[in-house]
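Have a look at the structure below before the remarks.
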Amino acid sequence: MRPSRTSREEILQKLSQVFRRDGYTGASLADLANAVGLGKASLYQKFPDGKAQMGEEVLAEIGRQFDGEVLAPVREAGPIDRRLSKMLAGLRKFYEDGKLPCALDTLSLGEAGQLYRHPLSEAIRHWQEALTNLGEEAGLSPAKAAVWAEEVVISIQGALVLSRAANDPEIFRRAVKRLGKCLADSR
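When we follow the working numbering, the leftmost residue of the sequence shown carries the number 2, and every step to the right adds one.
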């Protein structure tokens, strides 16, 4: 009986776990191959450009997931407070309630920061644009909406870093809870 084939999405999910845990520089090819359940040669057959290609594809997959779970609710029709609430619920799910490190953080250091500067900055810009639009729909001026959007991203990213460093996901949960009220406070 032939072993079942692992889908590209499953492989990227497993690679993502290693990159999030160890960062780009700390993720050895042996760790990456072991996580996927392949030998190094088989991993290179799937990713001929090596670890750089793996990281690039992982970032793209994370971006698709983030867009679907976190940003899609912001773009839906309906009451602004409900859309913000759905986005925050999506963040909690996406980051496993603060237990999952952020790839923007772990893949922005060292060599990876140079390799992935453009996709990382585009991901941040995309997120901030969605939030800025939501802020404007809520009645904030364009300038105030942009500041609010930046503060939301900073709050989430900072909470993720602190949660990881302190080994306390409750930090992230509290930040998300506070953000549920911040748009109303900005108006």
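Think of the CB as a built atom: it goes at the ideal place given N, C-alpha and C, for glycine as much as any other residue. Bear in mind the structure is a predicted one, so any value in this text is a computation, not a measurement.
- Pairing F67 with A42, the inter-Cα distance amounts to about 31 Å.
- Ranked by Cα distance from V71, the options L89, Q129, R21 are led by L89.
- Shown here, E77 sits in coil according to DSSP, grouped into three states, outside any helix or strand.
- Here G99 is not near S17, since their CB atoms are 8 Å or more apart.
- The residue from A160, L39, L101, K94 with its alpha-carbon nearest to that of R175 is A160.
- Residues of the same chain with a CB within less than 8 Å of the CB of F48, apart from the 5 flanking positions on each side, are Q54, M55, E58 in chain order.
- Ranking F173, A144, I12, G64 by CA distance to the CA of G40 puts I12 first.
- Here the alpha carbons of E97 and L121 stand approximately 21 Å from one another.
- By the beta-carbon neighbour count (other beta carbons within 10 angstroms, threshold 16), I155 is exposed.
- If you check the CB distance, P74 and R22 do not come in under 8 Å.
- Judged by DSSP in its simplified three-state form, L141 adopts coil rather than helix or strand.
- The beta carbon of K87 sits closer than 6 Å to the beta carbons of P74 from its chain, once the five residues preceding and following it are set aside; these are given in chain order.
- Per DSSP, G99 is not a residue of any alpha helix (DSSP H), being assigned neither H nor E.
- Take the alpha-carbon of A166 and the one of T7: they are about 33 Å apart.
- Take the alpha-carbon of S109 and the one of E171: they are about 24 Å apart.
- Judged by DSSP in its simplified three-state form, S122 adopts helix.
- Per the coordinates, the alpha-carbon of A113 lies some 15 Å from the alpha-carbon of A124.
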